[in-house]
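Novice: Questions regarding the structure given below will be posed in turn.
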Amino acid sequence: MRKPVFSASRPTRRAIGVFLSAALLTACSASLTGSKTTVLDDSLRRSADAIGTPIRDADLAAWNIDVAPDGRGLPAGSGDVAMGGKIFSAKCAACHGAKGEGSIGDQLVGGRGTLASANPKRTVGSYWPYATTLFDYIRRAMPYNAPQSLSADEVYAVSAWILNQNGIVPDDARLDAHSLASIRMPNRDGFIPDPRPGRL
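Reading the sequence shown from the start, the letters are residues 282 to 481 in this note's numbering.
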């Protein structure tokens, strides 16, 4: 058997391989410069732009229903305690109990003064810091079997009834965007601000 004319060590072979790979990459990148790259970029951009359909403001509005704690995002409309009681009885009581005392769904009423006890009851009246959050949650998630099926007037009315049952608004209360946002909940100061920098 003949010996090879040239026998490089393993480190030498590795260095040659790296050099040849770098040379090939340089040659490939050089061949893609100029107008070919621009044509390729434009083609990819057109392909990406063709995916999907631009969303219209009207389409986005159906999803953009969040309500901020200060009331930004609350819709037009209003509802009173009496109407809220009827809606609650028809659409909410099966899960939350006839008076909001809880059943298969959470307790919504009561619990005032229990947060520091061994058995705290975190209800709308004892725990929630903003009435606007109540509206936001009902609007987007309730009733459980038909979320987002209530009109703005119905959500205002159910919110009014729940707040009334917790002793936060009077029996004759009618809530709208202005009056709901102005309610000061009993546990408003019971939360510690997030100390981390930036905005969430």
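All C-beta atoms, glycine included, are put in the ideal place defined by N, C-alpha and C.
Indicate the three-state DSSP secondary structure (helix, strand or coil) for ARG294 in the structure shown.
Specialist: Residue 294 sits at position 13 when you count from the first residue of the sequence shown. Three-state DSSP puts ARG294 in a helix.
Novice: Can you tell me the Cα-Cα spacing of ASP347 and LEU415, whole angstroms?
Specialist: Within the sequence shown, residue 347 is the residue found at index 66, counting from 1. Within the sequence shown, residue 415 is the residue found at index 134, counting from 1. ASP347 and LEU415: Cα-Cα distance of roughly 12 Å.
Novice: Taking 8 Å as the threshold, find out whether the region 334 to 354 comes into contact with the region 391 to 408 through three or more Cβ pairs.
Specialist: Because the criterion of three Cβ pairs below 8 Å is not met, the region 334 to 354 and the region 391 to 408 do not touch.
Novice: Taking contact to mean 3 or more Cβ pairs, one atom from each stretch, closer than 8 Å, check whether the region 420 to 436 and the region 399 to 408 are in contact.
Specialist: no
Novice: Please report the Cβ distance between GLY333 and LEU396, rounded to the nearest whole angstrom; I am assuming they are in contact, meaning their Cβ atoms lie under 8 Å.
Specialist: Here the question's residue 333 lines up with position 52 in the sequence shown. Here the question's residue 396 lines up with position 115 in the sequence shown. With a Cβ gap of about 47 Å, GLY333 and LEU396 do not count as contacting.
Novice: Along the chain, where does the alpha helix (DSSP H) that runs through CYS373 open and close?
Specialist: In the sequence shown, the residue the question calls residue 373 occupies position 92. Taken as a continuous stretch (DSSP letters only), CYS373 belongs to no alpha helix (DSSP H), as it is neither H nor E.
Novice: Output needed for GLN446: all residues of its chain with C-beta closer than 7 Å, excluding positions within five of it in sequence on either side, in chain order.
Specialist: The residue you call residue 446 lines up with position 165 of the sequence shown. The residues are LYS380, GLY381, VAL390.
Novice: Alpha carbon to alpha carbon, what distance is there between GLY378 and ILE385?
Specialist: Counting from 1 along the sequence shown, the entry for residue 385 is found at position 104. Counting from 1 along the sequence shown, the entry for residue 378 is found at position 97. Straight-line Cα distance between these residues: approximately 8 Å.
Novice: What three-state label does DSSP hand GLY315 in the structure shown?
Specialist: The residue labelled residue 315 in the question sits at position 34 within the sequence shown. Model confidence at GLY315 stands at a pLDDT of 49, short of 50, so the residue's coordinates are unreliable and nothing is read from them.
Novice: Would you identify the three-state DSSP class for LEU456, choosing helix, strand or coil?
Specialist: Taking the sequence shown and counting its residues from 1, one reaches residue 456 at position 175. In this structure, LEU456 counts as strand in the three-state DSSP scheme.
Novice: For SER440, is the classification buried or exposed, using 16 other Cβ atoms within 10 angstroms of its Cβ as the cut-off for buried?
Specialist: Mapped onto the sequence shown, residue 440 falls at position 159. Its Cβ being crowded by 16 or more others within 10 Å, SER440 is buried.
Novice: Just reading off the alpha helix (DSSP H) that GLU435 is part of, what are its end residues?
Specialist: Looking up residue 435 in the sequence shown gives position 154. Counting along the chain, the alpha helix (DSSP H) containing GLU435 begins and ends at 433 to 446.
Novice: Use the C-beta contact count for LEU325: other C-beta atoms within 10 angstroms, 16 or more gives buried, fewer gives exposed.
Specialist: Counted from its first residue, the sequence shown places residue 325 at position 44. Exposed is the call here.
Novice: On a Cα-Cα basis, can you pick out the residue from ASP453, ALA331, SER460 that is closest to GLY365?
Specialist: Position 84 of the sequence shown holds residue 365. It is ASP453.
Novice: Give the single residue among SER430, ASP340, ASP338, ILE443 whose Cα lies nearest to the Cα of LYS367.
Specialist: Start at 1 with the first residue of the sequence shown, and residue 367 comes out as number 86. When each option's Cα is compared against that of LYS367, the closest is ILE443.
Novice: Roughly how many angstroms lie between the CA atoms of ASP434 and ALA399, to the nearest whole one?
Specialist: Taking the sequence shown and counting its residues from 1, one reaches residue 434 at position 153. Taking the sequence shown and counting its residues from 1, one reaches residue 399 at position 118. Going from the Cα of ASP434 to the Cα of ALA399 covers about 38 Å.
Novice: Do you know offhand how far VAL362's Cα is from ALA331's?
Specialist: Taking the first residue of the sequence shown as position 1, residue 362 is located at position 81. Taking the first residue of the sequence shown as position 1, residue 331 is located at position 50. Using only the alpha carbons, I get a separation of about 51 Å.
Novice: Mark ASP322 as exposed unless 16 or more other C-beta atoms lie within 10 angstroms of its C-beta, in which case mark it buried.
Specialist: Residue 322 sits at position 41 when you count from the first residue of the sequence shown. That one is exposed.
Novice: If we ignore side chains and look at the alpha-carbon of each, how far apart do GLY358 and ASP475 end up?
Specialist: Counting from one through the sequence shown, the residue named residue 358 turns up at place 77. Counting from one through the sequence shown, the residue named residue 475 turns up at place 194. C-alpha separation (whole angstroms): 33 Å.
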